[in-house]
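K.L.:
In this note's numbering, the protein residues as written are 39 to 174.
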């Protein structure tokens, strides 16, 4: 076996490429990247939350999330509003059309998960997800 096939970084990268590529093709029709779809779902779930709260929920650093939110706002997918009580805080809201499309996107996310995890048994899927949570 080639030495790189025993390298966890290589294996994780290859798994990420497959999963990301599959997801990317699904959300292309919405104009969203996989990361943006995840952020949109979180924005809808946490409607009116601050960017910091969304970042904390997704475990994304502020620089990464800031860039994603800027691109989404530029495309009109989300709206940023200053908090009425504290002008330093910006609240994030989903565009109503994107909110309406979210249930279909979540179905597609389930399909992507199913496609990526297809080679695994149910028990292996549960264990795999548990291990990924532990690593992250």
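Backbone N, C-alpha and C define an ideal beta-carbon position, used for all residues, glycine too.
Under the assumption that residue 95 contacts residue 84 (Cβ atoms under 8 Å), give the Cβ distance between them as a whole number of angstroms.
P.N.:
Yes, they are in contact, since the Cβ atoms of residue 95 and residue 84 sit about 6 Å apart, within 8 Å.
K.L.:
What is the DSSP secondary structure of residue 146, reduced to helix, strand or coil?
P.N.:
Residue 146: helix per DSSP, three-state reduction.
K.L.:
At what residue ranges does the region 94-125 contain a whole run of the beta strand (DSSP E), taking only runs of 3 or more?
P.N.:
116-120, all fully within the region 94-125.
K.L.:
Between the C-alpha atoms of residue 120 and residue 88, what's the straight-line distance to the nearest angstrom?
P.N.:
One C-alpha to the other measures close to 9 Å.
K.L.:
Could you give the distance in angstroms between the alpha-carbon of residue 127 and the alpha-carbon of residue 99?
P.N.:
Going from the Cα of residue 127 to the Cα of residue 99 covers about 17 Å.
K.L.:
First and last residue of the beta strand (DSSP E) that includes residue 128?
P.N.:
It spans 128-132 - the beta strand (DSSP E) in which residue 128 sits, taken as one unbroken run.
K.L.:
For residue 63, name the three-state secondary structure that DSSP assigns.
P.N.:
In the structure shown, residue 63 sits in a helix (DSSP, three-state: H, G or I).
K.L.:
To the nearest whole angstrom, what separates the beta carbons of residue 97 and residue 150, a pair I think is in contact under 8 Å?
P.N.:
Incorrect: roughly 20 Å between the Cβ atoms, too far for contact.
K.L.:
With a CB to CB cut of under 7 Å and the five nearest residues on each side skipped, what residues in its chain are close to residue 114?
P.N.:
Excluding residues within five positions, the ones whose Cβ falls inside 7 Å are 133.
K.L.:
Could you tell me whether the Cβ atoms of residue 81 and residue 116 are closer together than 7 Å?
P.N.:
Yes.
K.L.:
Whose C-alpha, out of 57, 44, 105 and 59, is nearest the C-alpha of residue 77?
P.N.:
Residue 77 has its Cα closest to that of 105, out of 57, 44, 105 and 59.
K.L.:
Please report how far the alpha carbon of residue 54 lies from the alpha carbon of residue 159, in whole angstroms.
P.N.:
Cα to Cα, the separation comes out at about 19 Å.
K.L.:
I need the straight-line Cα distance from residue 92 to residue 44, nearest angstrom please.
P.N.:
For residue 92 and residue 44, the distance between alpha carbons rounds to 35 Å.
K.L.:
Excluding the 5 residues flanking residue 139 on each side, which residues of the same chain have their C-beta closer than 8 Å to its C-beta?
P.N.:
Cβ neighbours of residue 139 beyond the five flanking positions: 68.
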